[in-house]
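Structure record follows, encoded as structure tokens.
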Amino acid sequence: MPTTAPRADFGAPRHVAIIMDGNGRWAAARGLPRGEGHRRGVEALRKTVRAAGELGIGILTIFSFSAENWMRPASEIRDLMGLLRRFIRNDLAELHGNNIKVRIIGERDGLAPDIRRLLEEAEDLTRHNTGLILVVAFNYGARQEIARAMRGIAEDVAHGRLTPDAVSAELVASRLDAPDLPDPDVIIRTSGEQRLSNFLLWQAAYSELVFVPIYWPEFDRAALENALAEYRRRERRFGGLVVEAGS
Ligand code: FPP
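For the sequence shown, our numbering begins at 321 and goes up steadily by one.
So this is what it looks like as structure tokens:
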């Protein structure tokens, strides 16, 4: 008998993830330095976090700095780290006041000590909040995340704490950076590029992908609502069949 999956709940998706792309191109199109694109990107991020809360989204994951971004020029890396510092210093109190819980995914080893401290301070301060969960992917790469999980499992097998036949998809998922959170229902990427670029590769197995043609600094509540409307037009089957009404 074919398996059936329930139709998606057509309210707000529980978990929205965003690849914030196009800051550099937005700036170049206006004859501005790339750093200005990133600064406007932080403005768009503020608007999006606010809108996500208002729209009833439970979890918002943002790709803030990828494991591959270290290949950018040192001046741009300095700009991005400076923006993160300022974002946490200026916005953390407001995020906390709005009952937002901050979570961090990605590799923490190797980050500048003050950056690591700020990220951990954001998590600690907001740990007991019950509103929107804001997952900041920082120094994050999905292949690296999966490799970290595998390394832990391999160590457990080597020490006899696990047998190889205990290694299941569920076990691997339980070793990822935020194992308690559900997979994203939808991943949005701005700037017109249509790829995942090493973002949430494991968790994206059944996510809807929505690519929007605007650059990240232009993103706002209306753009988020349009992307969610596109998501709602999709039919999610999780490999099963969708039961049509009346059948
Ligand atoms: C992509 O634009 C964006 C990033 C590399 C990082 C996203 C960063 C922000 C929105 C601002 C920083 C916010 C925090 C909290 C650190 P791009 O530079 O790849 O644009 P391009 O593809 O047009 O060059």
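Note that the Cβ used here is the ideal one computed from N, Cα and C, for glycine as well.
Predicted, not measured: the structure shown is a model, and the values here were computed from it.
Inter-residue spacing [alpha-carbon to alpha-carbon] between G560 and Y526: Along the sequence shown, read from residue 1 onward, the residue named residue 560 stands at position 240. Along the sequence shown, read from residue 1 onward, the residue named residue 526 stands at position 206. In a straight line, the C-alpha of G560 is about 11 Å away from that of Y526.
DSSP state of V492 mapped onto helix, strand, coil: On the sequence shown, position 172 is the one that residue 492 refers to. V492: helix per DSSP, three-state reduction.
contact_flag[the stretch 471–490, the stretch 508–520] where n(CB pairs < 8 Å) is 3 or more: no
Contact test: M340 Cβ vs the ligand FPP heavy atom, cutoff 7 Å: What you label residue 340 is simply residue 20 of the sequence shown in a count that begins at 1. Indeed, a heavy atom of the ligand FPP lies less than 7 Å from the Cβ.
Boundaries of the beta strand (DSSP E) in which Y526 is found, first to last residue: Looking up residue 526 in the sequence shown gives position 206. Looking at the DSSP string, Y526 is not in any beta strand (DSSP E), and its letter there is neither H nor E.
Closer than 7 Å: S527 CB and nearest the ligand FPP heavy atom: By one-based count along the sequence shown, residue 527 stands at place 207. Answer for S527: no, Cβ out of range of the ligand FPP.
Contact test: W536 Cβ vs the ligand FPP heavy atom, cutoff 7 Å: The residue you call residue 536 lines up with position 216 of the sequence shown. The answer is yes for W536.
Beta carbon of Q296 nearer than 8 Å to that of P504: Residue 296 is absent from the structure shown; the chain starts at 321 and stops at 567.
Beta-carbon proximity list for W346, same chain, < 6 Å, skipping 5 on both sides: In the sequence shown, counting from the first residue as 1, residue 346 sits at position 26. Same-chain partners within the cutoff: G357, Y535, P537.
Within 8 Å, strictly: CB atoms of Y551 and V506: Taking the first residue of the sequence shown as 1, we reach residue 551 at position 231. Taking the first residue of the sequence shown as 1, we reach residue 506 at position 186. Yes, they are a contact pair.
A337 versus L454 - alpha carbon distance: On the sequence shown, position 17 is the one that residue 337 refers to. On the sequence shown, position 134 is the one that residue 454 refers to. Cα to Cα, the separation comes out at about 10 Å.
Heavy atom of the ligand FPP within 7 Å of V477 beta-carbon: Residue mapping note: residue 477 aligns to position 157 of the sequence shown, counting from 1. Checking the Cβ of V477 against the ligand FPP gives no.
Beta-carbon proximity list for L431, same chain, < 7 Å, skipping 5 on both sides: Position 111 of the sequence shown, counted from the first residue, corresponds to residue 431. The answer, listed in chain order, is N459.
Beta-carbon proximity check, E528 vs R495, cutoff 8 Å: By one-based count along the sequence shown, residue 528 stands at place 208. By one-based count along the sequence shown, residue 495 stands at place 175. Not a contact, by the Cβ cut-off of 8 Å.
Expected contact under 8 Å - CB spacing of I420 and N449 to nearest Å: By one-based count along the sequence shown, residue 420 stands at place 100. By one-based count along the sequence shown, residue 449 stands at place 129. I420 to N449, Cβ: 6 Å. Contact.
Residue closest to R360, alpha-carbon to alpha-carbon, out of F407, G373, A332, I377: Mapped onto the sequence shown, residue 360 falls at position 40. Nearest option by C-alpha distance: F407.
Residue environment, M391, which counts as buried when at least 16 other CB atoms sit within 10 Å: Locating residue 391 in the sequence shown gives position 71, counting from the first residue. Exposed, since its Cβ has fewer than 16 Cβ neighbours within 10 Å.
The ligand FPP heavy atom lying under 7 Å from the CB of E385: Working through the sequence shown from its first residue, we reach residue 385 at position 65. The amino acid occupying residue 385 in the given sequence is Phe; Glu does not appear at that position. Indeed, a heavy atom of the ligand FPP lies less than 7 Å from the Cβ.
Among G355, F539, A469, A467, nearest to G402 - alpha-carbon criterion: Start at 1 with the first residue of the sequence shown, and residue 402 comes out as number 82. Out of G355, F539, A469, A467, G355 has the C-alpha closest to the C-alpha of G402.
P484 versus E475 - alpha carbon distance: Residue numbering aside, residue 484 sits at position 164 when the sequence shown is read from its first letter. Residue numbering aside, residue 475 sits at position 155 when the sequence shown is read from its first letter. Spanning the two alpha carbons is a distance of roughly 11 Å.
Backbone CA spacing between G331 and L544 [nearest angstrom]: Within the sequence shown, the letter at position 11 stands for residue 331. Within the sequence shown, the letter at position 224 stands for residue 544. Roughly 14 Å between the two C-alpha positions.
Own chain partners of G451 with C-beta closer than 8 Å, once the 5 adjacent residues on each side are dropped: Here residue 451 corresponds to residue number 131 of the sequence shown, with the count starting at 1. Only G373, N418, N419, I420, K421 meet the Cβ criterion.
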